[in-house]
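Here is the structure we will look at, set down as structure tokens.
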Amino acid sequence: MIWVLLALAIVAATPPLVERYRKPMDDTARGSAPGRLVQLPMGVIHFQWHGPANGPVCICIHGLTTPSFVWGGLNRGLTRMGYRVLTYDLYGRGYSDRPGQPQDRAFFLEQLRALLAHEGVERDITVIGYSMGGAIGTAFAAAHPERVRRLVLLAPAGMGLSRGRMMRFIMETPVIGDWLMLALFPRLHRKNVRAERDLPSAVPHITDLQLAELDYRGFTPAVLASLRGILSDTMEAEHRKLHAAGLPVLAIWGEEDKVIPAECIGTLAAWSRNAEHEVIEGAGHGLTYTHADEILDILKTRL
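Next up, the structure:
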């Protein structure tokens, strides 16, 4: 009986210990970081400016698990269009800090507001949000419509999250849910990322870059904090507010997206009749890097 209890204790302790001994996101890890780092009230943020210094500002907000390197292909096209593009790593991802707190609307809006204030960006902003970044961008535009010129959404979250029974349990159950996330998510995420290794990509070595996120302490807890936070609700109120304000919204969807299916067009259309929609044939959820040229072709005629 003692050996059984000991074995159970070891099993229970393993996922938290593995997480604890992952590499920290510190000065050593940031030694090769491109762009800039700034200490803001909630922690260090990694960000980069791309393109002409006097161009109109475009802010790109990445999604749940893939940091700002996801914009590599689109950045080049946007800068050729004359935009001054700002990309940054959300807290818990990339080279940014990992503050251990709920990652709800207020959390992500505070990060973005602080970065914009530091960089002196006030208004006339084109906001582009991918996946969870679409929800963040929507929340920002709804909170500050006077600062936003237009909102572009790429496979945006915020239409309602489809969750299996296990994910619902993890999201809704403290402690045990945390343990299950640490135990199950890294393996599942590796499997899903590796399954896309042969897809075309405008971002070189994106599979390896995505997998490397799992090497760092705080990444998996940050994903869970977002699932329990901003991704646990819809953006219905925000989209209705944007519709009332008359803010231009363009949503681009992947025809083959299994994470945020193109059927969500109907949901967004019900909330915001003025929103425009484009569907990219053959694109999955990774359309930001697998179909960057197709996205840019659309943006060239809409921005």
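The UniProt record's numbering puts the sequence shown at residues 1 to 303.
Built from N, CA and C at the ideal position, the CB exists for glycine as well.
Legend entry - Inside the stretch 42-109 only - beta strand (DSSP E) runs reaching at least 3 residues: 43-50, 57-61 and 84-88
Legend entry - residue 251 versus residue 302 - alpha carbon distance: 11 Å
Inset, instruction - Note the first and the last residue of the continuous alpha helix (DSSP H) segment covering residue 288. - result: 287-290
Inset, instruction - Identify, in the order they occur along the chain, each residue of the same chain with its Cβ nearer than 8 Å to the Cβ of residue 285, setting aside the five sequence neighbours on each side. - result: 131, 155, 254, 257, 258, 259 and 260
Inset, instruction - Taking residue 220 as part of the alpha helix (DSSP H), name the residues at either end of that continuous run. - result: 219-228
Inset, instruction - Would you identify the three-state DSSP class for residue 20, choosing helix, strand or coil? - result: helix
Inset, instruction - State the beta-bridge partners of residue 278 as determined by DSSP. - result: 252
Inset, instruction - Return yes when the Cβ of residue 140 is within less than 7 Å of the Cβ of residue 109, no when it is not. - result: yes
Legend entry - Pair within 7 Å by beta-carbon distance, residue 288 and residue 199: no
Legend entry - Separation of residue 213 from residue 219, as counted between CA atoms: 7 Å
Inset, instruction - To the nearest angstrom, report how far apart residue 181 and residue 56 are at their CA atoms. - result: 41 Å
Legend entry - Nearest-angstrom Cα separation, counted from residue 105 out to residue 18: 29 Å
Inset, instruction - Identify, in the order they occur along the chain, each residue of the same chain with its Cβ nearer than 8 Å to the Cβ of residue 54, setting aside the five sequence neighbours on each side. - result: 84
Legend entry - 3-residue-minimum beta strand (DSSP E) runs that sit fully inside the stretch 136-178, ordered along the chain: 148-154
Legend entry - Residue span of the alpha helix (DSSP H) that contains residue 234, given as start and end: First-last for residue 234: undefined, no H or E at that position.
Inset, instruction - Measure the alpha-carbon distance for residue 38 versus residue 266 and round it to whole angstroms. - result: 40 Å
Legend entry - Reduced DSSP category for residue 28 - H, G, I as helix; E, B as strand; rest coil: coil
Inset, instruction - Could you pull out every residue in the same chain whose Cβ sits closer than 6 Å to the Cβ of residue 228, ignoring the five residues on either side in sequence? - result: 171
Legend entry - Under 7 Å between C-beta atoms of residue 46 and residue 95: yes
Inset, instruction - Can you tell me which of the three DSSP states residue 259 falls into? - result: coil
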